[in-house]
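S.K.: Just so we're on the same page, the working numbering is the position in the sequence shown counted from 1, plus 367.
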Amino acid sequence: MAIASNIEIRLVDPKNISDAQIQDATNVWIEAFQDNPLFRALTNADASLYTRYMHSTLLAALNDGQVYFATSPSSPGTGFDAACGGSASASKDRLIGVAAWYPPGMAPGLLVAPDDGDALAENSKTKIDDGFETLFADFPPQHHTWWFEYFIPKKKSHTSLTLGKDGKQASWNLQMIGVRPEAQRRGVARQLIEFVYQNVAKSGEKFCLETDEEPTVEVYKKLGFSIVGEPEEYHSPVTDFKIWVMARTKD
């Protein structure tokens, strides 16, 4: 793997990002996870639902978490400096990677249960309509039942068992990270993770993530993450998959 040295990692300003930039960032994830078993199951193998799910996941992270862009100046793009505090007109950067983090004390709104308390409710105030409500309303009834009566409860139980009841919320949670296929295996994901680990997180803070692909488990191990507990098997009408929980603590 050749590590790219000309990649810039930047925190996105959610108040200064255009619809076009949001769409391009969404496209990074759409391209990165095409045919991934987990996301096929989550979206009922429906291309339209898949696109909307990725879009909503990004908007939710802009609302309640932190989104980081990895850009490369090697090829012309649409300009991302404005979203990161600079000038859009001067930028020739191409967006090649996107990571959504939830800092300690924050959580994705769709995973916050009604009884999780006022603190999470305060963190989950909507700033942008992330579209999850209408997305879930458009799920076929059987898929909606699978999501909310099987997948979400099982996933919460698994993370509580492995990380502790509030362990995920108390950690830097890497909710989503994706790199365009042509930019993969160049260290882009590593830089998106290490930027937060080295420059943002405080000593002693914990990190956690979940992944459904065994080869990716090995990649995260090389980045200092360790498997916590056993992988959990999930079944769906579309496909079966496993989820590994991994964690790391900043020195």
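Just so it is clear, CB atoms sit at the ideal spot from N, CA and C, and this is done for glycine as well. Owing to the predicted nature of the structure, the values given are computational and were not obtained by experimental measurement.
Since residue 585 is in the alpha helix (DSSP H), which residue starts that stretch and which ends it?
M.R.: For the purposes of this step, residue 585 is taken as residue 218 along the sequence shown, with counting starting at 1. Where residue 585 is concerned, the enclosing alpha helix (DSSP H) starts and stops at 581-589.
S.K.: Return helix, strand or coil for residue 467, following the three-state DSSP convention.
M.R.: Here residue 467 corresponds to residue number 100 of the sequence shown, with the count starting at 1. Looking at residue 467 - three-state DSSP - the assignment turns out to be strand.
S.K.: Do you know how far the Cα of residue 433 is from the Cα of residue 471?
M.R.: As a first step, residue 471 is located in the sequence shown; it is residue number 104 there, counting from the start. As a first step, residue 433 is located in the sequence shown; it is residue number 66 there, counting from the start. Spanning the two alpha carbons is a distance of roughly 11 Å.
S.K.: Let me make sure I understand the geometry here. Which of 506, 439 and 393 has the alpha-carbon closest to that of residue 412?
M.R.: For the purposes of this step, residue 412 is taken as residue 45 along the sequence shown, with counting starting at 1. Of the candidates 506, 439 and 393, the one whose C-alpha sits nearest the C-alpha of residue 412 is 506.
S.K.: Flag this pair as touching only if the stretch 371-390 and the stretch 521-532 have three or more C-beta atom pairs under 8 Å; answer yes or no.
M.R.: no
S.K.: For the alpha helix (DSSP H) that contains residue 556, what are its first and last residues?
M.R.: Walking along the sequence shown from the start, residue 556 turns up at place 189. Element bounds for residue 556: 555-566.
S.K.: Going by beta carbon distance, what residues of the same chain come within less than 6 Å of residue 610, once the five residues before and after it are set aside?
M.R.: For the purposes of this step, residue 610 is identified with residue 243 of the sequence shown, where counting begins at 1. Excluding the 5 residues flanking it on each side, residue 610 has same chain C-beta neighbours closer than 6 Å at 577, 579 and 599, in chain order.
S.K.: Roughly how many angstroms separate the alpha carbons of residue 596 and residue 612, rounded to a whole number?
M.R.: On the sequence shown, residue 596 is found 229 positions in, with the first residue counted as 1. On the sequence shown, residue 612 is found 245 positions in, with the first residue counted as 1. C-alpha separation (whole angstroms): 7 Å.
S.K.: My understanding is that residue 438 touches residue 463, with C-beta atoms under 8 Å, so please give their C-beta distance in whole angstroms.
M.R.: Here residue 438 refers to the residue found at position 71 of the sequence shown. Here residue 463 refers to the residue found at position 96 of the sequence shown. About 7 Å separates the two Cβ atoms, so the contact holds.
S.K.: Using the Cα positions of residue 409 and residue 568, report the straight-line distance between them to the nearest angstrom.
M.R.: One-based indexing of the sequence shown puts residue 409 at position 42. One-based indexing of the sequence shown puts residue 568 at position 201. Cα-Cα distance, rounded: 30 Å.
S.K.: According to DSSP, is residue 610 helix, strand or coil?
M.R.: Taking the first residue of the sequence shown as position 1, residue 610 is located at position 243. The answer is strand: DSSP assigns residue 610 an E or B state.
S.K.: Could you pull out every residue in the same chain whose Cβ sits closer than 7 Å to the Cβ of residue 535, ignoring the five residues on either side in sequence?
M.R.: Working through the sequence shown from its first residue, we reach residue 535 at position 168. Correct list, in chain order: 526 and 575.
S.K.: What's the call for residue 422, buried or exposed, on a 16-neighbour Cβ count within 10 Å?
M.R.: Numbered from 1 along the sequence shown, position 55 holds the residue referred to as residue 422. Burial call: buried.
S.K.: Is residue 538 buried or exposed, if buried means 16 or more other CB atoms sit within 10 Å of its CB?
M.R.: Walking along the sequence shown from the start, residue 538 turns up at place 171. Around the beta carbon of residue 538, 16 or more other beta carbons sit within 10 angstroms, so the residue counts as buried.
S.K.: Looking at residue 414: is its Cβ nearer than 8 Å to the Cβ of residue 548?
M.R.: In the sequence shown, the residue the question calls residue 414 occupies position 47. In the sequence shown, the residue the question calls residue 548 occupies position 181. For the pair residue 414 and residue 548, the CB atoms are not nearer than the 8 Å cut-off.
S.K.: Measure the C-alpha to C-alpha separation of residue 473 and residue 541 and round it to an integer number of angstroms.
M.R.: In the sequence shown, the residue the question calls residue 473 occupies position 106. In the sequence shown, the residue the question calls residue 541 occupies position 174. Cα to Cα, the separation comes out at about 12 Å.
S.K.: Below 8 Å between beta carbons: does that hold for residue 379 and residue 435?
M.R.: Against the sequence shown, residue 379 aligns to sequence position 12. Against the sequence shown, residue 435 aligns to sequence position 68. Between residue 379 and residue 435, the C-beta spacing is below 8 Å.
S.K.: Between which two residues does the alpha helix (DSSP H) containing residue 436 stretch?
M.R.: By 1-based counting over the sequence shown, the position of residue 436 is 69. Not the alpha helix (DSSP H): residue 436 falls in the beta strand (DSSP E), residues 433-439.
S.K.: Bridge partners for residue 616 per DSSP, in chain order?
M.R.: Working through the sequence shown from its first residue, we reach residue 616 at position 249. Its beta-bridge partners are 573.
S.K.: Based on the DSSP secondary-structure assignment, which residues constitute the bridge partners of residue 599?
M.R.: Residue numbering aside, residue 599 sits at position 232 when the sequence shown is read from its first letter. Its beta-bridge partners are 610.
S.K.: In whole angstroms, give me the CA-to-CA distance for residue 431 and residue 515.
M.R.: Residue mapping note: residue 431 aligns to position 64 of the sequence shown, counting from 1. Residue mapping note: residue 515 aligns to position 148 of the sequence shown, counting from 1. Those two C-alpha atoms are separated by around 21 Å.
S.K.: Within 10 angstroms of the Cβ of residue 593, are there 16 or more other Cβ atoms? Answer buried if so, exposed if not.
M.R.: Taking the first residue of the sequence shown as position 1, residue 593 is located at position 226. Label assigned to residue 593: exposed.
S.K.: Please return the same chain residues whose Cβ sits closer than 6 Å to the Cβ of residue 405, not counting the five positions on each side in sequence.
M.R.: As a first step, residue 405 must be located in the sequence shown, where it is residue number 38. Taken in chain order, the residues that qualify are 579 and 608.
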